[in-house]
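Just so we're aligned, residue 268 is where the sequence shown starts under the working numbering, counting upward by one. Even for Gly, the Cβ is constructed at its ideal location relative to N, Cα and C.
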Amino acid sequence: MSATGPSAWRQALRYAGGIIPPAWRDGPVYRTWSRFLLEAQYWPAERIQGWQLEQLRRIVRLAYEGTEGYRVLYDRAGVHPDDLRAIDDLARFPLVTKQDIQQDLEAFSLKSGRRRYASTGGSTGVPFGFYKRPSDGKLEWAFMHAGWRRAGWRRNGVSAILRGGFIGSAEHWWEYNPYRRELYLSSYYLTRDTARAYLDKMRQYDARILQAYPSSCHMLADLLLEHGASSWGPELILLGSENVYDWQLRKAESVFPTARFFAWYGQSEQVILAPWCEQTRICHAWPFYGWTEVVDAVGREIREGETGELVGTSFHVTATPFVRYRTSDVAVKGAERCEACGRHGRLLSRIEGRAHELLVTASGRHISMTAINMHDRIFEPVRQFLFCQEVPGQAEFRYVPKRPLTSEEVDRMRHGLMNKLGGDMILVLQPVAEIPRSASGKMRFLDQRLPVRYLSS
268 MSATGPSAWR QALRYAGGII PPAWRDGPVY RTWSRFLLEA QYWPAERIQG WQLEQLRRIV
328 RLAYEGTEGY RVLYDRAGVH PDDLRAIDDL ARFPLVTKQD IQQDLEAFSL KSGRRRYAST
388 GGSTGVPFGF YKRPSDGKLE WAFMHAGWRR AGWRRNGVSA ILRGGFIGSA EHWWEYNPYR
448 RELYLSSYYL TRDTARAYLD KMRQYDARIL QAYPSSCHML ADLLLEHGAS SWGPELILLG
508 SENVYDWQLR KAESVFPTAR FFAWYGQSEQ VILAPWCEQT RICHAWPFYG WTEVVDAVGR
568 EIREGETGEL VGTSFHVTAT PFVRYRTSDV AVKGAERCEA CGRHGRLLSR IEGRAHELLV
628 TASGRHISMT AINMHDRIFE PVRQFLFCQE VPGQAEFRYV PKRPLTSEEV DRMRHGLMNK
688 LGGDMILVLQ PVAEIPRSAS GKMRFLDQRL PVRYLSS
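This is the structure:
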């Protein structure tokens, strides 16, 4: 394409727009909430809870009066918005599931106001659609950036983005956006042959921040180790959109020893956002983003240290309200105050992952991917892997070897995996040439074809 073509004009406009201070580009919603979060994150517990109760009353009333779906749900349960006099009263209101909303999106959505359709692939790849307001994205970034700042993030530098948004091609696997100061790197074309070029491109643009899927960051680190780990790397690595496993972090930390790592838990529905504490790597659910519960099978709040399903109520997404929404994600409930940083709010000691990231044994046990230690040296010859399960108690472990493996190496892998899985699981190891990425560029570790619900209702 010529230098005067549409692409050149688009880049010229991006460079011109890049002169505008970033916060002003994001508009008043972003600025207002950024200022609020800077101060409110250290509010005392009583003040936070008072603020949350006001938001819960507002959103429950909005859902009841503005949608047929919630009104029918609450009338059947015999509850009314007036019954919500204290935060604990929310437990009387019924849970809502993704299936409820999928069956009749319009019934669970407000008809008035500006709205746009949004969708997510969901846990099984089946699209899940809902409505958002135009301002929801700006508010989301205010919360995201407030969390990132705890790890030292600043907007005046260049960020490299190794996620699924930019697909590119084998010949053009990168693109620079001067308006946002972002270097987009395609996760689809990250291979053994291109890994060094990816690092060189980040160096060329002086990208001190890397935003990546954990799986993409792990693959980059693994490929660079094959080349000989580089002494140069980003100062900050931000990991999101997938669960982060300890074995991924260990590999990335060995390749980028000077980088600070920071991650968060969230979902497209915007009901819970929980960035790491900058002191402990424990997730802090933003108390101003939504109300976070960790519940048992019948929706009762569990005790600290127990494992349950995350249920969220969004304070801000109103086009399709999410009130006591079952996320199908599993976590260990933490305390209500962080002793390390002093902030109040629900802590999540560990994110076990999505329900579809659980293996099911013959005896009905659920095994999270967090229990699989892929940092063991016996797995070093493996570039990628994927568990596939169609039958309880049986699974296939597909792996891409870096080189032909001996029978002894395969046996050691099998033994190491079975030590984690237990005797009520049959495992078949199958070498493959390639493991395809998902449509969004993610690299899954479990293709779970069972209708897994960690907690049944």
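Residues near residue i in its chain [Cβ-Cβ closer than 6 Å; skip 5 each side]
i      : result
Ile315 : Pro554, His611
Arg417 : Glu545
Ser508 : Tyr480
Thr547 : Ala607
Glu449 : Ser426, Ile428
Arg604 : His611
Arg338 : Tyr331
Tyr456 : Ala437, Trp440
Spatially closest choice to residue i from the options, by CA coordinates
i      : options                        : result
Gln715 : Asp691, Val658, Leu615, His682 : Val658
Ser635 : Asp596, Phe646, Ser453, Ala602 : Asp596
Gln322 : Arg621, Tyr556, Leu672, Met685 : Tyr556
Arg292 : Tyr384, Lys405, Pro348, Lys399 : Lys405
Phe654 : Met685, Ile428, Arg670, Ile434 : Met685
Tyr398 : His583, Phe433, Glu332, Gly631 : His583
Gly380 : Thr585, Ala629, Val649         : Thr585
Trp415 : Ala358, Ala530, Asn423         : Ala530
Leu466 : Ile354, Lys365, Thr628, His494 : His494
Gly620 : Asn510, Gln656, Glu520, Val649 : Asn510
Ser581 : Leu457, Ile569, Glu560, Val565 : Glu560
Arg665 : Leu625, Glu701, Tyr297         : Glu701
Thr673 : Val649, Gln656, Arg343         : Val649
His331 : Thr587, Glu676, Glu675         : Inspection of the sequence shows that residue 331 is occupied by Tyr rather than by His. Residue Thr587 is the option with its Cα nearest to Tyr331.
Ser386 : Lys365, Leu329, Leu457         : Lys365
Ala552 : Arg302, Gln319, Tyr297         : Gln319
Ala526 : Gly435, Met411, Trp420         : Trp420
Val667 : Glu647, Val699, His633         : Val699
Cys550 : Ala602, Pro524, Gln537, Glu536 : Ala602
C-alpha distance - residue i paired with residue j, whole-angstrom precision
i      : j      : result
Thr391 : Ser376 : Because the pLDDT at Thr391 is just 44, under 50, the model does not fix this residue reliably, and the point stays unresolved.
Pro311 : Trp514 : 36 Å
Met710 : Asp643 : 20 Å
Ser454 : Thr461 : 11 Å
Leu696 : Gly660 : 15 Å
Ala571 : Arg593 : Note that residue 571 is Glu in the sequence shown here, rather than Ala. Distance between the alpha carbons of Glu571 and Arg593: 19 Å.
Phe433 : Trp441 : 8 Å
Arg704 : Arg430 : 11 Å
Lys518 : Arg325 : 46 Å
Leu713 : Gly631 : 17 Å
Gly683 : Lys669 : 18 Å
Thr299 : Ala409 : 9 Å
Arg400 : Pro348 : 23 Å
Leu487 : Arg359 : 47 Å
Pro718 : Leu362 : 19 Å
Glu573 : Tyr512 : 19 Å
Trp558 : Ala413 : 18 Å
Asp678 : Asp691 : 18 Å
Gln651 : Pro295 : 44 Å
Ser482 : Val346 : 44 Å
Val327 : Asp342 : 13 Å
Phe589 : Arg352 : 19 Å
Tyr532 : Phe303 : 21 Å
His633 : Arg567 : 20 Å
Glu313 : Asp489 : 47 Å
Run of the alpha helix (DSSP H) containing residue i, from where it starts to where it stops
i      : result
Val522 : 513-522
Trp415 : 403-416
Leu582 : In the sequence under discussion, the amino acid at residue 582 is Phe, which differs from the Leu named in the question. It is not in any alpha helix (DSSP H) - Phe582 carries neither H nor E in the DSSP assignment.
Cys655 : Note, Cys655: premise wrong, no alpha helix (DSSP H); beta strand (DSSP E) at 649-658.
Glu332 : 312-333
Gln546 : It is not in any alpha helix (DSSP H) - Gln546 carries neither H nor E in the DSSP assignment.
Gln478 : Counting along the chain, Gln478 falls outside any alpha helix (DSSP H), though it belongs to the beta strand (DSSP E) covering 474-479.
Arg463 : 462-471
Leu684 : 674-688
Other residues of its chain near residue i: CB distance less than 7 Å, five sequence neighbours each side excluded
i      : result
Ala374 : Thr334, Glu335, Gly336
Asp356 : Asp350
Ala307 : Phe555
Gln534 : Thr594
Gln369 : Phe395
Ile693 : Gly660, Gln661
The beta strand (DSSP E) enclosing residue i, as first and last residue numbers
i      : result
Leu503 : 503-506
Ile634 : 633-635
Phe300 : In the sequence on display, residue 300 carries Trp and not Phe. No beta strand (DSSP E) contains Trp300, which is instead part of the alpha helix (DSSP H) from 294-307.
Asn444 : 441-444
Proximal residues to residue i (C-beta, below 8 Å), its chain only, five neighbours per side dropped
i      : result
Cys484 : Leu429, Leu477, Ile504, Leu506, Gln515, Ala519
Leu492 : Lys518, Ser521, Val522
Tyr472 : Val425, Ala427, Tyr443, Leu450
Check whether the stretch 471-488 touches the stretch 499-507, taking contact to mean three or more Cβ pairs, one atom from each stretch, closer than 8 Å.
At 8 Å Cβ cutoff, the stretches touch.
Below 8 Å, can you find three or more Cβ-Cβ pairs linking the stretch 589-603 to the stretch 615-627?
Two segments are said to touch when three or more pairs of C-beta atoms, one from each, lie closer than 8 Å; by this definition the stretch 589-603 touches the stretch 615-627.
Would you call the stretch 572-583 and the stretch 534-549 in contact, with 3 or more CB pairs under 8 Å?
Enough Cβ pairs lie closer than 8 Å, so yes.
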